[in-house]
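Numbering (UniProt numbering), first residue to last: 1 to 474. Before any comments, here is the structure.
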Amino acid sequence: MNVIWSLCRKYTDLSDEEIRIIEHMSETLQPLANLEGADIFIDCPGRDGNAIVVAEAKPECVPSSYKNTVVGLLAKPENEPAVARTFRLGVGTKQMKAVTQENGSTIQSVEPIRNGSHIIGVLILEKRVDEQRQVSERIHFSQQSFETIAHALAQMVPENNWLTECIDEALLMVDRSGIVTFRNSLAQDLYRRLGYIEDILGQPYENVRLVEQDGNSEECSGYSYVETTVSNLVLDIKHIQLNSAGAAFAVIIQDVTWRREQEQALILKSVAIKEIHHRVKNNLQTIASLLRLQTRRTDSEETRQVLGESMNRILSIASTHELLAQSGVDEVMLGEVILNIKNNTMRYFSNPKCYVTIAMEGGDFQVDSDIATSVAIIINELLQNSLKYAFQDRSSGEIRIVVEQGKLYSSIQVSDNGGGFDVANTEGNRLGLSIVQTLVKDKLRGNLEIESGPEGTCARFDFKNQIIGTADVT
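Structure, rendered in structure tokens:
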């Protein structure tokens with residue numbers, strides 16, 4: 001087994017057919033090296049994301065850039081950006097600076113090797129830096145060119161180009177011959193982070209574009225946008241056609257990596273919050289089940305009543321956590337909370353001797369979890385009081401829940417058409433009303449009003465739409 005087969009089998013995922021293509025192409029390397037007076041290599045994509053050198057040829061007519069063989073060594077993206085770019089985009093890359101495995105400097109030109117649409121390797125031509133002085137001559141701009149560029153920039157940015165250093169995006173300007181004629185400092189820093197050792201100013205745009213189809217001086221028309229991932233960076237790339245004699249189009253690149261990471265973190269946080277609410281709901285329902293079991297075992301009617309009230313309070317809180325677990329955010333629809341409380345209360349406090357209906361009116365809007373939990377407990381207590389005391393010695397009754405949404409404060413009214421009670425002599429003697437008063441005052445920062453008479457009872461409380469920890473509108 002020859003070296004190419006051995007290396008490809010060990011370090012790559014190439015098929016036998018693809019290895020044969022690489023092997024066949026390697027037979028032309030030495031004549032090509034002599035013809036070009038350059039080092040020629042074939043690199044194949046390794047399983048670890050790096051490229052591996054599988055074949056090489058050194059020129060016989062001029063000195064090589066290498067003292068030793070590099071076959072079997074890795075070509076890292078940060079050292080050979082031209083190789084990485086061609087593998088990533090599937091296009092040729094011309095005359096980019098690279099660092100060799102021996103820490104020398106060379107100029108690389110790279111072309112993809114394909115098997116159909118699949119890139120199975122790259123052909124690399126390397127020349128020593130001192131033999132590439134003509135490259136800098138080709139990209140050197142005349143004074144006239146600089147005047148044209150300055151004119152285009154002056155049209156785009158008054159007061160020369162100071163504004164381009166104040167924006168949060170990398171900015172490139174490309175002329176009609178496809179050369180990068182301007183880049184701000186953010187663009188220079190970005191390309192260095194991407195592994196471009198040489199300044200991109202004066203390079204062909206074909207050499208530095210970051211996606212395969214992102215527009216060029218012929219293709220770019222009007223405005224185009226693409227988001228791509230390059231070397232673990234998420235980039236928004238925009239192309240804007242310029243009606244200028246000096247510049248064909250501008251390229252604006254924004255690093256949105258942090259934003260995408262935060263979005264992903266929010267998704268993970270949302271999943272975690274849903275799981276927490278789900279577990280809290282399950283734990284509360286378990287406690288309620290234990291109270292229900294204890295209720296069945298006691299002979300005291302008073303004890304059963306107290307346990308039943310406590311169980312319903314716990315289920316009121318559990319219902320809020322159930323809605324929060326379904327939504328995955330810290331806000332729920334208030335109408336859903338009240339509907340759940342209504343159904344739970346009717347289920348556990350129904351009286352076969354008295355038919356009671358509970359009607360809901362008003363708007364439905366979102367509230368945060370703290371408000372929702374407090375409102376759930378308050379509604380539960382008010383409904384329990386009405387069902388227990390308002391319709392004694394009656395065969396039917398009606399309870400109304402009215403929700404009103406305001407800009408600063410919203411309100412909820414719970415009323416019944418029962419017998420009423422003496423508010424002044426009762427407020428401090430009932431645990432349920434004490435709970436309601438405490439929650440309205442301390443948790444919701446609102447006011448509670450209770451009116452009662454022979455025609456029924458009406459309890460009304462309001463609450464701030466925003467609570468502690470949020471902005472206070474005055």
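Glycine residues also receive a C-beta, built at the ideal position from the N, C-alpha and C atoms.
1. Run the CB neighbour count on residue 472, radius 10 Å, all protein chains shown included, and call it buried at 16 or more, exposed below.
2. With three or more beta-carbon pairs closer than 8 Å as the criterion, would you say the region 456-463 touches the region 404-413?
3. With DSSP collapsed to three states, give me the class of residue 13.
4. By the DSSP assignment, the alpha helix (DSSP H) with residue 355 in it spans what residues?
5. For residue 316, count the other beta carbons within 10 Å of its own beta carbon; 16 or more makes it buried, fewer makes it exposed. Which is it?
6. Three or more C-beta pairs closer than 8 Å, one from the region 331-349 and one from the region 365-376: is that the case here?
7. Sort out for me which residues DSSP pairs residue 173 with in a bridge.
8. DSSP three-state call for residue 342: helix, strand or coil?
9. Which class does residue 365 belong to by DSSP, given the choice of helix, strand or coil?
10. On the criterion of 16 or more Cβ atoms from any shown chain inside 10 Å, does residue 47 qualify as buried, or is it exposed?
11. How would you call residue 205, buried or exposed, if buried means at least 16 neighbouring beta carbons within 10 angstroms?
12. If you draw a straight line from the C-alpha of residue 97 to the C-alpha of residue 333, how long is it?
13. To which residues of the same chain is residue 346 closer than 7 Å at the C-beta, ignoring the five residues directly before and after it?
14. Could you have a look at residue 60 and say whether DSSP puts it in helix, strand or coil?
15. Based on the DSSP secondary-structure assignment, which residues constitute the bridge partners of residue 120?
16. Measuring CA to CA, which of 61, 188 and 71 is closest to residue 127?
17. Relative to the alpha-carbon of residue 115, which residue among 286, 86, 18 and 94 has its alpha-carbon at the smallest distance?
18. Between 208, 325, 417 and 291, which has its C-alpha nearest residue 356's C-alpha?
19. Would you say residue 110 and residue 124 are within 7 Å of each other, going by their C-beta atoms?
20. Which whole-angstrom value is the C-beta distance of residue 208 and residue 226, which I expect to be below 8 Å?
21. Going straight from the alpha carbon of residue 450 to that of residue 305, what length do you get?
22. Based on DSSP bridge pairs, tell me the residues matched to residue 22.
23. Check whether the Cβ atoms of residue 281 and residue 318 lie closer than 7 Å to each other.
24. Mapping DSSP to helix, strand and coil, what is residue 298?
25. Spatial neighbours of residue 394 within its chain, please: C-beta separation below 8 Å, excluding the five flanking residues on both sides.
26. Is the region 250-263 touching the region 288-302 in the sense that three or more CB pairs, one from each, lie closer than 8 Å?
27. Grouping DSSP H, G and I as helix and E and B as strand, with all else coil, what is residue 275?
28. Excluding the five sequence neighbours on either side, which residues of its own chain have a C-beta within less than 7 Å of the C-beta of residue 104, listed in chain order?
29. Assuming residue 169 contacts residue 252 (C-beta within less than 8 Å), just tell me the rounded distance between them.
30. Which term fits residue 220, buried or exposed, when burial requires 16 or more other beta carbons within 10 angstroms of its beta carbon?
31. Exposed or buried, which one is residue 415 when buried takes at least 16 other CB atoms within 10 Å?
32. Please report the Cβ distance between residue 112 and residue 99, rounded to the nearest whole angstrom; I am assuming they are in contact, meaning their Cβ atoms lie under 8 Å.
33. Identify the continuous beta strand (DSSP E) that holds residue 228 and give its terminal residues.
34. As a quick exercise: from 259, 236 and 223, pick the residue whose alpha carbon is nearest that of residue 187.
35. Between 372, 349, 201 and 11, which has its C-alpha nearest residue 51's C-alpha?
36. Could you tell me which residues DSSP puts in a beta bridge with residue 115?
Short version:
1. Residue placement at residue 472 cannot be trusted, given a pLDDT of 35 that sits under 50; the coordinates are not used to answer.
2. yes
3. Annotated three-state conformation of residue 13 is coil, per DSSP.
4. Per DSSP, residue 355 belongs to no alpha helix (DSSP H); it is in the beta strand (DSSP E), 355-362.
5. buried
6. yes
7. 182 and 250
8. When secondary structure is reduced to three states using DSSP, residue 342 falls in the helix class.
9. coil
10. exposed
11. buried
12. 60 Å
13. 358
14. When DSSP states are grouped into helix, strand and coil, residue 60 belongs to the coil group.
15. Note: residue 120 sits in no beta bridge, so no partner.
16. 61
17. 18
18. 417
19. yes
20. That belief does not hold up - the Cβ atoms of residue 208 and residue 226 are roughly 15 Å apart, past 8 Å.
21. 24 Å
22. In the DSSP output, where bridge partners are listed per residue, residue 22 has none listed.
23. The Cβ-Cβ distance between residue 281 and residue 318 falls below 7 Å.
24. coil
25. If we look at residue 394 and ignore the five residues flanking it on each side, its Cβ neighbours are 354, 418 and 419.
26. No, because fewer than three Cβ pairs between the region 288-302 and the region 250-263 fall closer than 8 Å, the two stretches do not touch.
27. helix
28. 65
29. Correct: roughly 5 Å between the Cβ atoms.
30. Confidence at residue 220 is low in this model, with a pLDDT of 43, below 50, so the placement of that residue is unreliable and no value is reported for it.
31. buried
32. In fact, because the Cβ distance is near 21 Å, the residues do not count as touching under 8 Å.
33. 223-230
34. 236
35. 11
36. 118
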